[in-house]
Each structure stands twice: as C-alpha cells, then as structure tokens.
Amino acid sequence: VGRVAMDRNCPESYADASAEAGASSSEASLNSISDRYGPLVQGALTPRFVPTCSRELLRQLGRIAEQHPEVVVQSHISESVDQAVVASRVMRNSSVSESLDWRGALWLATAGGAAA
140 VGRVAMDRNC PESYADASAE AGASSSEASL NSISDRYGPL VQGALTPRFV PTCSRELLRQ
200 LGRIAEQHPE VVVQSHISES VDQAVVASRV MRNSSVSESL DWRGALWLAT AGGAAA
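Following this line, the structure appears as structure tokens:
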C-alpha cells in the first residue's frame, strides 16, 4: 500500500505542495500503515512516475528509503514509448531508469535490493 507522491505536471488538486510536503506525507503514511496494521500490511514509497516528481522529491524519498530499508519502492518506469520519451525529456537523462536511481532507489526496488 502506498501514498502517491508527485509535485509537478499533474492536476493541482493531486499535487503535493512541495517536495518537502510530499516526502513528509509519504513518511507519515508509512508510519500510519505500520501503526495500524503492523506486519500484516507493508507500506510503500510511491513516486508516481518521473514526469510528475521533481528531482528534489525523488531525493527526499530516497533518503526515506535509506532510513527504512524494509520499505518497498513502487513506481511506473515507462509503460509506453511516449511515456519514456516524455520522462527522458523532463529529467534530461538518456534513460528513465537513471532518473529513478536516487541513491540506488531503483536498486532498492529490484531483486538487488532484496538480496542486501
């Protein structure tokens, strides 16, 4: 279960007010899920996808992931060619996966993270 974090390129009513607000709300959601359900339900950090998350929001979510190694990171990476092109343009990277690799968060979200 994850609270969707996004702070740009989305309807204003869905957007976090800032990167700080998105990260803070995401961490509060993780704590709330843990407090309410214990080990039965696992909270997840959920940056929606690259075009809707600023680099700062991704960095802050990465810090939360570092502080909570048990937390899963889930996101959309590129469900279509058009989405991959837009994401690469927005983040000015050659690949979408580079944009999501905020201190190894992509690694944390794959089998490599599970093996650590």
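Mapping the sequence shown onto our numbering, position 73 (from 1) lands on 212, and the numbers just tick up by one.
Here a beta-carbon is modelled for each residue, glycine too, at the ideal position from N, C-alpha and C.
For residue i, which of helix, strand or coil comes out of DSSP?
i	result
Pro186	strand
Val140	coil
Val211	strand
Ala223	helix
Arg228	helix
Quick check on the DSSP output: the alpha helix (DSSP H) that includes residue i runs from which residue to which?
i	result
Leu196	194–206
Gly161	158–176
Residue i: which of the options sits nearest, CA to CA?
i	options	result
Val224	Leu197, His207, Pro190, Ile203	Pro190
Gly141	Ser214, Ala154, Ser193, Asp174	Ser214
Ala158	Glu205, Asp221, Cys192, Gly177	Cys192
Ser173	His207, Arg228, Glu195	His207
Glu195	Pro150, Asp155, Glu151	Asp155
Gly182	Ala204, Ile203, Val210, Glu205	Val210
Touching by the beta-carbon criterion (3+ pairs, under 8 Å), the stretch 184–203 and the stretch 152–168: As far as the Cβ criterion goes, the stretch 184–203 touches the stretch 152–168, which means the pair count is three or higher.
Sufficient close CB pairs (3 or more, under 8 Å) joining the stretch 149–162 to the stretch 195–204: Contact between the stretch 149–162 and the stretch 195–204 is present: three or more C-beta pairs spanning the two stretches fall below 8 Å.
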